[in-house]
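Scroll down for the structure; my scribbles are underneath it.
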Amino acid sequence: MDDVRSRSLTQRTQDIERRQCVLDALVPLQVARSRCAERLATKGDVEGVDVVATGGEISDAVMARSRAWRHLRSIQMDGGVERVQRSMPNNRSCLSDGLDMVSIWDEGGLEPAARRLISGEDDGSYRFSIGHLEMKIIDKRQVMLQGPTLDGAASVMVVRRPEVLAAAVRYWRAVVALSHAAADDETAPVVASRRQQRIVSLLAQDLCDDAIADCLGVSVRTVRSDIATLMRALGVRSRFAAGVKCQALMDD
(Lines of atoms letter the chains of each structure in order from A; the text may use other names.)
(Lines give C-alpha, C1' and ligand atoms only; values in the text may rest on other atoms or scores of the structure.)
Protein backbone atom coordinates (compact mmCIF):
# COMPACT_ATOMS: atom_id res chain seq x y z
CA MET A 1 0.00 0.00 0.00
CA ASP A 2 2.85 2.35 0.85
CA ASP A 3 4.43 1.65 -2.56
CA VAL A 4 1.15 2.51 -4.29
CA ARG A 5 0.82 5.75 -2.36
CA SER A 6 4.44 6.61 -3.10
CA ARG A 7 3.97 6.02 -6.84
CA SER A 8 0.78 8.07 -6.83
CA LEU A 9 2.50 10.95 -5.03
CA THR A 10 5.42 10.78 -7.44
CA GLN A 11 3.04 10.89 -10.42
CA ARG A 12 1.20 13.90 -9.02
CA THR A 13 4.49 15.68 -8.37
CA GLN A 14 5.63 15.01 -11.93
CA ASP A 15 2.33 16.30 -13.33
CA ILE A 16 2.63 19.50 -11.30
CA GLU A 17 6.18 20.00 -12.53
CA ARG A 18 5.15 19.44 -16.15
CA ARG A 19 2.26 21.89 -15.84
CA GLN A 20 4.64 24.46 -14.43
CA CYS A 21 6.95 23.85 -17.40
CA VAL A 22 4.05 24.66 -19.73
CA LEU A 23 3.43 27.96 -17.94
CA ASP A 24 7.15 28.79 -17.91
CA ALA A 25 7.39 28.10 -21.65
CA LEU A 26 4.20 30.02 -22.38
CA VAL A 27 5.40 33.37 -21.05
CA PRO A 28 8.24 34.03 -23.56
CA LEU A 29 6.07 33.00 -26.51
CA GLN A 30 3.15 35.13 -25.37
CA VAL A 31 5.45 38.15 -24.87
CA ALA A 32 6.96 37.64 -28.33
CA ARG A 33 3.51 37.25 -29.89
CA SER A 34 2.23 40.41 -28.22
CA ARG A 35 5.23 42.42 -29.40
CA CYS A 36 4.85 41.30 -33.01
CA ALA A 37 1.10 41.96 -32.95
CA GLU A 38 1.57 45.41 -31.44
CA ARG A 39 4.19 46.39 -34.02
CA LEU A 40 1.95 45.20 -36.83
CA ALA A 41 -0.96 47.18 -35.47
CA THR A 42 1.04 50.39 -35.13
CA LYS A 43 3.49 50.20 -38.03
CA GLY A 44 1.63 47.97 -40.49
CA ASP A 45 4.87 46.46 -41.82
CA VAL A 46 7.24 44.38 -39.69
CA GLU A 47 10.19 42.38 -41.03
CA GLY A 48 9.62 38.64 -40.71
CA VAL A 49 5.93 39.04 -39.80
CA ASP A 50 2.96 38.81 -42.18
CA VAL A 51 -0.79 38.86 -41.67
CA VAL A 52 -2.36 35.76 -43.24
CA ALA A 53 -6.03 36.72 -43.03
CA THR A 54 -8.61 38.53 -40.95
CA GLY A 55 -12.13 37.90 -39.69
CA GLY A 56 -14.24 35.34 -41.49
CA GLU A 57 -11.51 34.64 -44.05
CA ILE A 58 -9.13 33.07 -41.51
CA SER A 59 -10.34 29.47 -41.65
CA ASP A 60 -10.37 29.22 -45.47
CA ALA A 61 -7.01 30.99 -45.76
CA VAL A 62 -5.30 28.69 -43.27
CA MET A 63 -6.71 25.56 -44.92
CA ALA A 64 -5.60 26.79 -48.36
CA ARG A 65 -2.05 27.36 -47.09
CA SER A 66 -1.95 23.98 -45.36
CA ARG A 67 -1.89 22.12 -48.68
CA ALA A 68 1.71 23.30 -49.20
CA TRP A 69 2.97 22.38 -45.71
CA ARG A 70 5.19 19.33 -45.19
CA HIS A 71 5.64 19.45 -41.40
CA LEU A 72 3.17 20.75 -38.82
CA ARG A 73 3.07 20.86 -35.04
CA SER A 74 -0.15 22.46 -33.84
CA ILE A 75 -1.78 23.40 -30.54
CA GLN A 76 -5.51 24.13 -30.79
CA MET A 77 -7.57 25.96 -28.19
CA ASP A 78 -11.05 26.37 -29.69
CA GLY A 79 -12.62 22.92 -29.51
CA GLY A 80 -16.08 23.64 -30.89
CA VAL A 81 -17.63 20.74 -32.81
CA GLU A 82 -18.29 22.92 -35.87
CA ARG A 83 -14.62 23.84 -36.18
CA VAL A 84 -13.49 20.24 -35.69
CA GLN A 85 -16.02 18.96 -38.23
CA ARG A 86 -14.86 21.53 -40.77
CA SER A 87 -11.15 20.81 -40.33
CA MET A 88 -11.19 17.01 -40.40
CA PRO A 89 -11.57 16.44 -44.17
CA ASN A 90 -8.85 19.00 -44.96
CA ASN A 91 -6.48 17.46 -42.42
CA ARG A 92 -7.14 13.98 -43.77
CA SER A 93 -6.41 15.17 -47.30
CA CYS A 94 -3.16 16.86 -46.24
CA LEU A 95 -2.04 13.74 -44.36
CA SER A 96 -2.71 11.58 -47.42
CA ASP A 97 -0.54 13.98 -49.44
CA GLY A 98 2.37 13.42 -47.08
CA LEU A 99 2.00 16.05 -44.35
CA ASP A 100 3.79 15.09 -41.11
CA MET A 101 1.27 16.45 -38.59
CA VAL A 102 0.77 16.24 -34.86
CA SER A 103 -2.17 18.28 -33.57
CA ILE A 104 -2.71 18.77 -29.83
CA TRP A 105 -6.12 19.92 -28.58
CA ASP A 106 -6.59 21.64 -25.24
CA GLU A 107 -8.81 19.35 -23.18
CA GLY A 108 -10.37 22.22 -21.26
CA GLY A 109 -11.67 23.84 -24.44
CA LEU A 110 -13.20 20.77 -26.05
CA GLU A 111 -16.93 20.20 -26.35
CA PRO A 112 -17.84 16.54 -25.64
CA ALA A 113 -19.00 15.99 -29.23
CA ALA A 114 -15.81 17.51 -30.61
CA ARG A 115 -13.75 15.26 -28.35
CA ARG A 116 -15.51 12.20 -29.73
CA LEU A 117 -14.83 13.30 -33.31
CA ILE A 118 -11.13 13.76 -32.62
CA SER A 119 -10.66 10.57 -30.58
CA GLY A 120 -12.20 8.58 -33.44
CA GLU A 121 -9.24 9.43 -35.70
CA ASP A 122 -6.87 6.49 -35.19
CA ASP A 123 -3.86 7.57 -37.28
CA GLY A 124 -1.91 8.93 -34.31
CA SER A 125 -1.95 12.54 -35.51
CA TYR A 126 -4.13 13.87 -32.68
CA ARG A 127 -3.38 14.25 -28.98
CA PHE A 128 -5.04 15.81 -25.93
CA SER A 129 -3.20 17.98 -23.40
CA ILE A 130 -3.42 21.38 -21.74
CA GLY A 131 -2.75 24.53 -23.72
CA HIS A 132 -2.97 28.24 -23.10
CA LEU A 133 -2.01 29.66 -26.48
CA GLU A 134 -2.99 28.52 -29.97
CA MET A 135 -0.15 28.17 -32.46
CA LYS A 136 1.24 26.24 -35.40
CA ILE A 137 4.91 25.50 -36.10
CA ILE A 138 5.07 25.19 -39.87
CA ASP A 139 7.86 23.37 -41.75
CA LYS A 140 10.20 23.96 -38.77
CA ARG A 141 10.74 27.55 -40.00
CA GLN A 142 7.75 29.72 -39.10
CA VAL A 143 5.09 30.11 -36.44
CA MET A 144 1.42 30.95 -36.98
CA LEU A 145 -0.11 32.90 -34.10
CA GLN A 146 -3.02 35.15 -33.28
CA GLY A 147 -2.33 38.56 -34.77
CA PRO A 148 -3.53 42.04 -33.92
CA THR A 149 -7.09 43.29 -34.18
CA LEU A 150 -7.29 45.13 -37.51
CA ASP A 151 -10.27 47.35 -38.27
CA GLY A 152 -12.22 45.58 -35.56
CA ALA A 153 -11.48 42.07 -36.90
CA ALA A 154 -9.29 39.32 -35.47
CA SER A 155 -6.28 38.28 -37.52
CA VAL A 156 -3.75 35.49 -37.85
CA MET A 157 -0.08 36.17 -38.52
CA VAL A 158 2.94 34.14 -39.59
CA VAL A 159 6.22 34.96 -37.85
CA ARG A 160 9.63 34.05 -39.28
CA ARG A 161 11.90 35.25 -36.47
CA PRO A 162 14.43 32.90 -34.77
CA GLU A 163 13.57 33.97 -31.22
CA VAL A 164 9.85 33.36 -31.79
CA LEU A 165 10.49 29.97 -33.37
CA ALA A 166 12.70 28.96 -30.42
CA ALA A 167 10.02 30.03 -27.93
CA ALA A 168 7.34 28.14 -29.87
CA VAL A 169 9.42 24.94 -29.92
CA ARG A 170 9.97 25.16 -26.16
CA TYR A 171 6.26 25.66 -25.58
CA TRP A 172 5.43 22.73 -27.88
CA ARG A 173 7.80 20.40 -26.02
CA ALA A 174 6.27 21.36 -22.66
CA VAL A 175 2.70 20.78 -23.88
CA VAL A 176 3.46 17.49 -25.63
CA ALA A 177 5.11 16.16 -22.45
CA LEU A 178 1.67 16.30 -20.78
CA SER A 179 -0.25 14.92 -23.75
CA HIS A 180 -1.83 11.56 -24.48
CA ALA A 181 -3.00 10.02 -27.74
CA ALA A 182 -6.55 11.03 -28.65
CA ALA A 183 -7.24 7.52 -29.95
CA ASP A 184 -6.60 6.18 -26.42
CA ASP A 185 -9.19 8.51 -24.87
CA GLU A 186 -11.53 6.68 -22.51
CA THR A 187 -13.68 9.54 -21.24
CA ALA A 188 -16.74 8.69 -23.35
CA PRO A 189 -18.96 5.80 -22.19
CA VAL A 190 -19.29 3.00 -24.69
CA VAL A 191 -22.93 3.17 -25.82
CA ALA A 192 -21.98 2.63 -29.46
CA SER A 193 -18.87 2.08 -31.55
CA ARG A 194 -16.39 4.95 -31.90
CA ARG A 195 -17.61 5.67 -35.43
CA GLN A 196 -21.27 5.53 -34.41
CA GLN A 197 -20.59 7.97 -31.56
CA ARG A 198 -19.02 10.38 -34.05
CA ILE A 199 -21.99 10.01 -36.40
CA VAL A 200 -24.38 10.85 -33.55
CA SER A 201 -22.33 13.94 -32.71
CA LEU A 202 -22.60 15.11 -36.31
CA LEU A 203 -26.31 14.30 -36.52
CA ALA A 204 -26.76 16.71 -33.62
CA GLN A 205 -25.27 19.42 -35.86
CA ASP A 206 -28.08 18.76 -38.36
CA LEU A 207 -25.68 17.51 -41.03
CA CYS A 208 -26.90 15.45 -43.96
CA ASP A 209 -25.52 11.96 -44.68
CA ASP A 210 -23.19 13.26 -47.41
CA ALA A 211 -21.64 15.85 -45.06
CA ILE A 212 -21.19 13.27 -42.29
CA ALA A 213 -19.52 10.85 -44.69
CA ASP A 214 -17.20 13.59 -45.94
CA CYS A 215 -16.20 14.58 -42.41
CA LEU A 216 -15.45 11.01 -41.33
CA GLY A 217 -13.92 9.81 -44.58
CA VAL A 218 -16.38 6.95 -45.03
CA SER A 219 -19.10 6.14 -47.56
CA VAL A 220 -22.67 7.42 -47.35
CA ARG A 221 -23.76 3.79 -47.29
CA THR A 222 -21.67 3.19 -44.15
CA VAL A 223 -23.20 6.23 -42.46
CA ARG A 224 -26.74 5.06 -43.22
CA SER A 225 -25.95 1.52 -42.11
CA ASP A 226 -24.58 2.74 -38.77
CA ILE A 227 -27.60 4.96 -38.19
CA ALA A 228 -29.92 2.02 -38.89
CA THR A 229 -27.92 -0.14 -36.46
CA LEU A 230 -28.22 2.51 -33.76
CA MET A 231 -31.97 2.83 -34.31
CA ARG A 232 -32.43 -0.92 -33.86
CA ALA A 233 -30.18 -1.06 -30.79
CA LEU A 234 -31.95 1.86 -29.12
CA GLY A 235 -35.43 0.69 -30.05
CA VAL A 236 -36.44 3.90 -31.83
CA ARG A 237 -38.05 4.52 -35.22
CA SER A 238 -36.48 7.78 -36.31
CA ARG A 239 -32.99 9.13 -36.88
CA PHE A 240 -33.85 12.12 -34.68
CA ALA A 241 -34.88 9.92 -31.76
CA ALA A 242 -31.74 7.80 -32.15
CA GLY A 243 -29.56 10.90 -32.13
CA VAL A 244 -31.24 12.43 -29.08
CA LYS A 245 -31.23 9.21 -27.05
CA CYS A 246 -27.66 8.23 -27.88
CA GLN A 247 -26.36 11.78 -27.31
CA ALA A 248 -28.05 11.84 -23.90
CA LEU A 249 -26.44 8.53 -22.93
CA MET A 250 -23.00 9.70 -24.03
CA ASP A 251 -23.29 13.04 -22.22
CA ASP A 252 -24.73 11.57 -19.03
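In full-length UniProt numbering, the protein residues as written are 1 to 252. Note that beta-carbon positions come from the ideal geometry of N, C-alpha and C, so glycine has one too. Because the structure is a prediction, the values reported are computed rather than measured.
Three-state secondary structure (DSSP) at L99? coil
Terminal residues of the continuous alpha helix (DSSP H) containing residue 336? No statement about residue 336 is possible, as the shown extent of the chain runs from 1 to 252 and does not include it.
For the alpha helix (DSSP H) containing Q205, list its first residue and its last residue. No alpha helix (DSSP H) contains Q205, which DSSP labels as neither H nor E.
What beta strand (DSSP E) runs, 3 residues minimum, are completely inside the region 106–176? Entirely contained in the region 106–176, the beta strand (DSSP E) runs reaching 3 residues are, in chain order, 126–129, 135–138, 142–146 and 155–159.
Identify whether residue 296 lies in helix, strand or coil by the three-state DSSP scheme. The structure shown has nothing for residue 296, since the chain only spans 1 to 252.
Taking the CB atoms as reference points, tell me whether V156 and V62 lie closer together than 8 Å. yes
If you check the beta carbons only, do E99 and L133 fall under 8 Å apart? According to the sequence shown, residue 99 is Leu rather than Glu. Not a contact, by the Cβ cut-off of 8 Å.
Beta-ladder partner(s) of L72, from DSSP: M101 and I138
With H, G and I counted as helix, E and B as strand and the rest as coil, what does DSSP make of G80? coil
Could you check what DSSP says for D185 in three-state terms: helix, strand or coil? coil
Give the C-beta separation of G109 and D78 to the nearest angstrom, bearing in mind that I take them to be a contact with Cβ-Cβ under 8 Å. 6 Å
Continuous beta strand (DSSP E) stretch holding V49: start and end: V49 to T54
Between the beta-carbon of residue 288 and the beta-carbon of V52, is there less than 8 Å? Residue numbering for the chain in the displayed model covers 1 to 252; residue 288 lies beyond these limits and cannot be assessed.
Taking all protein chains shown into account, decide if E121 is buried (16 or more other Cβ within 10 angstroms of its Cβ) or exposed. buried
If I measure Cβ to Cβ from P89 and keep anything under 8 Å in the same chain, skipping five residues before and after, which residues do I get? D214, C215 and G217
Mind checking if D106 is an interface residue toward chain B, Cβ cutoff 8 Å exclusive? Protein chain content of the structure displayed is limited to a single chain, and chain B is not contained in it.
Are there three or more Cβ pairs, one per stretch, closer than 8 Å when the region 133–146 is compared with the region 226–246? no
Does the separation of the CB atoms of V176 and S119 fall below 8 Å? no
Can you tell me which of V158, R160, D60 and E38 puts its alpha carbon nearest to the alpha carbon of L150? E38
C-beta atoms of Y126 and L26 nearer than 8 Å: Taking C-beta atoms as the reference points, Y126 and L26 fail to come closer than 8 Å.
Alpha carbon of A188 to alpha carbon of R86, nearest angstrom: Confidence at A188 is low in this model, with a pLDDT of 49, below 50, so the placement of that residue is unreliable and no value is reported for it.
With D123 and R70 assumed to form a contact (beta carbons below 8 Å), what rounded beta-carbon distance in angstroms separates them? About 17 Å; that fails the 8 Å criterion.
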